[in-house]
Every structure is written in structure tokens, then in C-alpha cells.
Amino acid sequence: MWKKSWGVFVGAGLVAGLLPVMVWGVSSGTRTLFSTRAQTHELRLWWEPAEATLRIDQAMKFKLMANVESKNGIPALEMELDIPKGILVAPKIVRYGKLIGTSVVGEVDVVAVNQGDFLIGIIEDKVVTGYPDITIIASPVKIKVR
Numbered sequence: 800m801w802k803k804s805w806g807v808f809v810g811a812g813l814v815a816g817l818l819p820v821m822v823w824g825v826s827s828g829t830r831t832l833f834s835t836r837a838q839t840h841e842l843r844l845w846w847e848p849a850e851a852t853l854r855i856d857q858a859m860k861f862k863l864m865a866n867v868e869s870k871n872g873i874p875a876l877e878m879e880l881d882i883p884k885g886i887l888v889a890p891k892i893v894r895y896g897k898l899i900g901t902s903v904v905g906e907v908d909v910v911a912v913n914q915g916d917f918l919i920g921i922i923e924d925k926v927v928t929g930y931p932d933i934t935i936i937a938s939p940v941k942i943k944v945r
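Residue numbers for the sequence shown follow the numbering used here, so the first one is 800 and each next one is one higher.
Encoded structure:
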């Protein structure tokens, strides 16, 4: 008799002890992080200026900006540019050291060769950061050649 009531008492005690933890877990929503390694890293890339109008044979310098919201940053950054025919761009690969926060990660020189509308972007598959699960959000620069 004593063993049966002892088992019920222990079972009720465990439920009473776990119930507040379970209620807290459900009510706190998705903000509860049990591991900081599970957080995804986001790398945002954009150009300054974001748009430009050039004449044929005119040259212009564009800054490639990057932002990462991570306490540790990114150890190194290497990107290959997506360059359309009709404009000349140098360099074609941009390299930068440790990135924390927001920074100018590169400058490229652009020379307009042909008339038209062009986009210079980043080849997202060729961005090397050292993080295999990083999310890359890149905006191209828009160039009109008249």
C-alpha cells in the first residue's frame, strides 16, 4: 500500500515541478534560444551609389558596402562580381578581412563601353565567408549608359 501511494506522490511531484517550466516555454514564444550556435548569420551587401547614369567612356568609382549582425563578425570575405558585357569593371573579385558591423569592403572602377542598362551584382554562390550556413542578401548597382 505504501509503495503505491509513494509512486503517486513522486509522479504528482514531478508533474508539479515540470508544469511551470513547460508553461514558461510555451508562453515565451520563439525568442527562447537554448543555443546561440543555432542562430543564422546574415550578410547584407549593397552598392553606393545604388544607381548611376554614365556616358560612353566615362569612368566612375563604386563602393561595395557590407553589414553583418554578429558579435563575432565574419573572419574574412571574398566575393566574385557578376559583370555584364558592355561595361568594364575592376577588380572582378573583392576581398576584405574581418568584418564586424557595417563597412566599405571594396571599391570598384567602372567604365561604360556600350549604351544600355546594366546591373553589377554579386555571384552569391561565390561568396566565401567561412560560415557555410550564412544568408546572403545582395542588392546590385544599376548603371544606365547614354
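Beta carbons: idealized from backbone N, C-alpha and C, even for Gly.
Classification of residue i by the beta-carbon crowding that lies within 10 angstroms, buried from 16 upward
| i | result |
| --- | --- |
| Q852 | The residue you asked about is not Gln; residue 852 is Thr in the sequence shown. Classification of T852: exposed, given that the 10 Å Cβ count is below 16. |
| A865 | buried |
| N880 | It should be noted that the sequence gives Leu, not Asn, for residue 880. The residue is buried, with at least 16 neighbouring Cβ atoms inside 10 Å. |
| V903 | exposed |
Three-state secondary structure (DSSP) of residue i
| i | result |
| --- | --- |
| D924 | helix |
| S902 | strand |
| A875 | coil |
| A815 | helix |
C-beta atoms of residue i and residue j nearer than 8 Å
| i | j | result |
| --- | --- | --- |
| A889 | I855 | no |
| R894 | Q914 | no |
| L842 | I933 | yes |
| I886 | F917 | yes |
Distance, residue j Cα to residue i Cα
| i | j | result |
| --- | --- | --- |
| M859 | V909 | 5 Å |
| I942 | G905 | 18 Å |
| P939 | P883 | 12 Å |
| K862 | A937 | 14 Å |
| I786 | T928 | Any property of residue 786 remains undetermined from this structure, which presents the chain solely from 800 to 945. |
| V867 | A815 | 44 Å |
| G896 | A875 | 5 Å |
| I919 | L844 | 12 Å |
| V907 | E847 | 11 Å |
| A849 | Y930 | 27 Å |
| N871 | T901 | 13 Å |
Cβ separation of residue i and residue j, assumed to be a contact under 8 Å, to the nearest whole Å
| i | j | result |
| --- | --- | --- |
| I899 | E877 | The Cβ separation is near 17 Å, so there is no contact. |
| H840 | S869 | 5 Å |
is_contact[residue i, chain D] using C-beta, thresh 8 Å
| i | result |
| --- | --- |
| F917 | Of the chains in the structure shown, none is chain D; there is only one protein chain. |
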